[in-house]
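J.:
Protein chains: 2
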Amino acid sequence: MKNRHDKLVATAGEVEILRRIRQRAGSAGGALRLGIGDDCALLQVRPEEAIAVTTDLSIEGRHFRLDWHEPEWIGHRTLARGLSDLAAMGARPVAAFLSLGLPQELTAAKGRRASWMERFYDGFLALAGECKTPLAGGDLAQSPVAVADVVLAGAVPAAKALRRSGARPGDNLYVTGTLGGAAAGLQRLAALARKQARRPVRIPPGMEAVLKPHLHPQPRLAQGLWLQTRGIASAAIDVSDGLSTDLMHICEESGVCAVVEGAALPVAGGATLEQGLHGGEDYELLFTARPAVRLPRAIRGVAVSRIGHITRMRPRMPRVLLRGAKGDEALEPRGWEHFSQK
Amino acid sequence: MKNRHDKLVATAGEVEILRRIRQRAGSAGGALRLGIGDDCALLQVRPEEAIAVTTDLSIEGRHFRLDWHEPEWIGHRTLARGLSDLAAMGARPVAAFLSLGLPQELTAAKGRRASWMERFYDGFLALAGECKTPLAGGDLAQSPVAVADVVLAGAVPAAKALRRSGARPGDNLYVTGTLGGAAAGLQRLAALARKQARRPVRIPPGMEAVLKPHLHPQPRLAQGLWLQTRGIASAAIDVSDGLSTDLMHICEESGVCAVVEGAALPVAGGATLEQGLHGGEDYELLFTARPAVRLPRAIRGVAVSRIGHITRMRPRMPRVLLRGAKGDEALEPRGWEHFSQK
Chain A
72 MKNRHDKLVA TAGEVEILRR IRQRAGSAGG ALRLGIGDDC ALLQVRPEEA IAVTTDLSIE
132 GRHFRLDWHE PEWIGHRTLA RGLSDLAAMG ARPVAAFLSL GLPQELTAAK GRRASWMERF
192 YDGFLALAGE CKTPLAGGDL AQSPVAVADV VLAGAVPAAK ALRRSGARPG DNLYVTGTLG
252 GAAAGLQRLA ALARKQARRP VRIPPGMEAV LKPHLHPQPR LAQGLWLQTR GIASAAIDVS
312 DGLSTDLMHI CEESGVCAVV EGAALPVAGG ATLEQGLHGG EDYELLFTAR PAVRLPRAIR
372 GVAVSRIGHI TRMRPRMPRV LLRGAKGDEA LEPRGWEHFS QK
Chain B
72 MKNRHDKLVA TAGEVEILRR IRQRAGSAGG ALRLGIGDDC ALLQVRPEEA IAVTTDLSIE
132 GRHFRLDWHE PEWIGHRTLA RGLSDLAAMG ARPVAAFLSL GLPQELTAAK GRRASWMERF
192 YDGFLALAGE CKTPLAGGDL AQSPVAVADV VLAGAVPAAK ALRRSGARPG DNLYVTGTLG
252 GAAAGLQRLA ALARKQARRP VRIPPGMEAV LKPHLHPQPR LAQGLWLQTR GIASAAIDVS
312 DGLSTDLMHI CEESGVCAVV EGAALPVAGG ATLEQGLHGG EDYELLFTAR PAVRLPRAIR
372 GVAVSRIGHI TRMRPRMPRV LLRGAKGDEA LEPRGWEHFS QK
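Protein chains in written order, with this note's numbering: chain A, 72 to 413; chain B, 72 to 413.
#1: Where does B/P362 fall in DSSP's three states?
#2: Find out if the Cβ-Cβ distance for the pair A/G347, A/L314 is shorter than 8 Å.
#3: Output the boundary residues of the beta strand (DSSP E) element that contains A/I303.
#4: For A/L137 and A/A339, what's the separation of their Cα atoms in angstroms?
#5: Along the beta strand (DSSP E) that carries A/E400, what are the first and last residues, could you check?
#6: Output needed for B/R270: all residues of its chain with C-beta closer than 7 Å, excluding positions within five of it in sequence on either side, in chain order.
#7: Taking the C-alpha atoms as reference points, what is the distance between B/T126 and A/A360?
#8: Please report the distance separating the alpha-carbon of A/A212 from that of A/R95.
#9: Given a threshold of 16 other Cβ atoms within 10 Å of its Cβ, counted over all protein chains shown, does B/M160 qualify as buried or as exposed?
#10: Alpha carbon to alpha carbon, how far is B/M319 from B/D77? Give it in angstroms, no decimals.
#11: Compare the C-beta of A/D109 with all C-beta atoms of chain B and state if any pair is closer than 8 Å.
#12: Which class does B/D220 belong to by DSSP, given the choice of helix, strand or coil?
#13: Could you spell out where the alpha helix (DSSP H) holding B/S170 opens and where it closes?
#14: Kindly indicate which three-state DSSP category A/Q213 falls into: helix, strand or coil?
#15: In chain order, what residues of the segment 168-182 of chain B put their CB closer than 7 Å to some CB of chain A?
#16: Using CA coordinates, which residue listed in B/A99, B/L260, B/R371 is at the minimum distance from B/H140?
#17: If we cut at 8 Å on Cβ distances, does A/F410 have a partner in chain B?
#18: Can you give me the start and stop residues for the beta strand (DSSP E) that B/G395 sits inside?
#19: Let me know the secondary structure DSSP gives A/G108 once reduced to three states.
#20: Contact criterion: CB-CB distance below 8 Å. Does A/R90 meet it with respect to chain B?
#21: Please list, in chain order, the residues of the segment 197-213 of chain B that have any C-beta partner in chain A closer than 9 Å.
#22: Considering only C-alpha positions, which residue in the set B/R190, B/R239, B/S129, B/G251 is nearest to B/A406?
#23: Assuming the contact rule is C-beta atoms closer than 8 Å, A/I303 and A/A226 should be a hit. Round their C-beta distance to whole Å, please.
#24: Verify whether the separation of the beta carbon atoms of B/L244 and B/I381 is less than 8 Å.
#25: Is it true that the CB of A/A238 sits closer than 8 Å to the CB of A/S325?
#26: So A/T312 packs on A/L223, CB below 8 Å; how close in whole Å?
#27: Establish whether the CB of A/G350 and some CB of chain B are separated by less than 8 Å.
#28: Given that B/L157 touches chain A, what residues does it touch there, using C-beta distances under 7 Å?
#29: Taking C-alpha atoms, which residue in B/P240, B/R152, B/G172, B/K181 lies nearest to B/I321?
#30: Can you tell me whether B/V373 is helix, strand or coil according to DSSP?
#31: The alpha helix (DSSP H) that contains A/V246, what's its start and end?
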């Protein structure tokens with residue numbers, strides 16, 4: 072959003088698009104003291120607060136496909152990934168930054184149709200508006216493949232930020248919403264892509280709901296804030312890589328083990344247990360709380376399920392145990408890579 | 072630097088490299104409360120301070136070339152671009168974040184030789200160490216082309232940050248160091264590349280000095296801080312896109328015009344006037360100060376030159392005038408794109 076905007080774009084029509092993006096970016100105010108237009112943005116929060124910063128890189132062919140996904144979906148998911156990291160710290164969003172590398176043909180309007188770039192910003196800024204997150208800067212460049220790096224800055228009282236490292240033996244393990252829905256949705260989208268000649272894939276009426284977790288994930292900002300302000304969660308992470316992988320991160324950073332009760336997992340409708348255990352990109356919150364804590368069935372309208380508990384580390388014990396009808400087995404981290412090119 | 076490190080890298084050797092990078096990243100302390108290893112980093116500055124944030128996207132073939140530049144040079148320049156934006160606001164660095172997308176072959180060690188990725192980090196972390204800037208997070212992914220998005224966070228008293236918008240008619244116009252050296256160095260490197268079969272280009276003894284402004288630009292952090300703490304600069308920007316383009320940004324944001332005296336320009340040895348006027352990536356500071364202000368000849372060891380002054384806007388007057396031996400002419404913004412693929 073700095074001067075480098077000027078480099079990428081050549082025609083008057085494109086300059087006009089960027090002027091409109093800047094207008095829609097949201098204005099400085101509150102913690103954002105200075106937005107687009109200078110060498111840096113300036114953020115200022117309350118004295119007791121820290122600024123939480125996260126970056127998430129999305130690359131064509133790896134995190135999204137131009138031949139499968141509409142640009143608005145990609146814009147939405149790009150921002151959702153970053154906001155979900157803020158939710159996992161219990162932070163409220165202060166500002167977003169977007170570095171975008173695009174092939175030139177994606178920046179040009181097609182006659183009266185908006186350019187790919189403009190439609191990407193439509194999806195990005197719609198979610199930014201819903202989550203009260205102004206776009207405060209970024210960078211633009213030509214690139215042979217589409218790449219988007221999103222940076223989120225949030226505010227959280229330094230001593231109350233939700234960390235991965237606070238889980239203790241005896242804590243209960245919880246997750247918001249349902250798991251595996253994004254993986255199941257992606258599987259359906261891939262099946263549609265195989266059947267349809269049209270690109271990007273057209274969603275038939277009645278299939279919006281099953282694809283929504285994949286195409287329009289909702290970052291759990293309100294739920295993260297709820298946990299943080301009440302001091303309820305002893306550790307937290309967002310489920311971006313899959314339950315098995317993200318739970319491993321909590322165990323490693325906290326120096327503990329965990330037991331997951333297979334029957335208690337809130338597997339999404341249409342998803343398999345396998346997708347619930349390992350499918351990534353659900354952007355739900357996985358967190359722990361002391362045994363004395365009583366949690367409601369839902370936080371700010373989203374269900375919460377107890378799915379297991381934290382245990383002490385023991386020699387030769389697997390880090391995470393999956394408890395099923397047929398007994399216990401080790402739950403290996405197998406969060407999978409979407410669109411893997413290996 | 073989050074969990075996504077785990078996805079990119081497969082072999083034990085690569086995990087070892089990343090462990091070493093994390094060790095060398097610099098530890099939390101001071102304004103960096105929490106570094107690599109959680110969903111977000113946490114930054115906390117003094118109550119009167121704001122956090123300055125900037126992002127800079129570098130893309131293979133556009134901002135660097137694998138067949139010309141050694142990986143250490145690319146790592147250095149990637150970080151220098153971001154630090155220079157902090158310098159232009161008068162901010163001290165607090166933390167850097169790096170999102171890196173790389174083809175798989177660049178992440179693998181070649182026998183006993185370090186991988187491209189490790190050598191990139193060598194250059195990045197050497198400059199980070201010099202500038203006391205811990206690496207606080209980022210992201211890693213596979214990508215068909217090398218891309219690096221650097222995010223810098225700095226601290227600056229909110230009311231004293233150097234902005235582009237404060238120049239007033241009558242102010243004098245100054246620049247640190249010399250101009251055009253990076254463009255001249257790039258031209259030499261291109262000439263070497265045409266002559267040599269070896270890739271990346273080998274620098275012959277005696278040519279290091281002339282190539283240094285291109286390969287190892289030094290962000291003017293100490294000079295930006297000096298200007299900010301003394302309240303001396305009325306406006307400032309870093310010369311990343313070329314004097315003609317960056318001065319235009321100051322004029323537009325301040326609502327003023329400017330006169331540049333051609334004879335006063337500190338053109339780098341070996342560079343042409345044209346390169347001094349339009350060549351980018353010098354990362355010097357361009358700033359204005361009220362007429363009553365007396366500036367020393369050098370700030371923290373770097374020369375300062377008065378190169379013109381700010382004037383009122385007048386109808387039909389060009390935004391920037393270049394005053395030469397043959398009279399005045401309009402100075403159009405022609406900061407050029409390196410490695411342009413148009």
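The beta carbon of each residue, even a glycine, is placed where N, CA and C say it ideally should be. These numbers were taken from a predicted model, which means no experiment stands behind them.
T.: Taking the definition as stated:
#1: coil
#2: It is a contact, given that the beta carbons lie within the stated cut-off.
#3: First-last for A/I303: undefined, no H or E at that position.
#4: Each residue's alpha carbon lies about 27 Å from the other.
#5: 398-401
#6: D138
#7: 36 Å
#8: 20 Å
#9: buried
#10: Any reading at B/D77 must be qualified, since the residue scores a pLDDT of 39, below 50, and its modelled position is unreliable; no value is offered.
#11: In terms of beta-carbon proximity, A/D109 lines the interface with chain B, with at least one pair separated by less than 8 Å.
#12: In the displayed model, B/D220 falls within a strand according to three-state DSSP.
#13: That residue, B/S170, is in no alpha helix (DSSP H); its beta strand (DSSP E) goes 163-173.
#14: strand
#15: The residues in question are F168, S170, G172.
#16: B/L260
#17: Because the pLDDT at A/F410 is just 42, under 50, the model does not fix this residue reliably, and the point stays unresolved.
#18: Per DSSP, B/G395 belongs to the beta strand (DSSP E) from 391-395.
#19: coil
#20: no
#21: Residues passing the 9 Å Cβ filter: A207, G208, G209, D210, L211, A212, Q213.
#22: With the sequence shown as reference, residue 406 of chain B is identified as Gly, and Ala is not the correct amino acid for it. Residue B/G251 is the option with its Cα nearest to B/G406.
#23: Not confirmed; about 19 Å, so no contact.
#24: yes
#25: The answer is yes: Cβ separation under 8 Å.
#26: Note on identity: in this sequence residue 312 of chain A is Asp, with Thr being the wrong assignment. Contact flag wrong, Cβ pair sits at about 18 Å.
#27: no
#28: C111
#29: B/P240
#30: strand
#31: Counting along the chain, A/V246 falls outside any alpha helix (DSSP H), though it belongs to the beta strand (DSSP E) covering 243-247.
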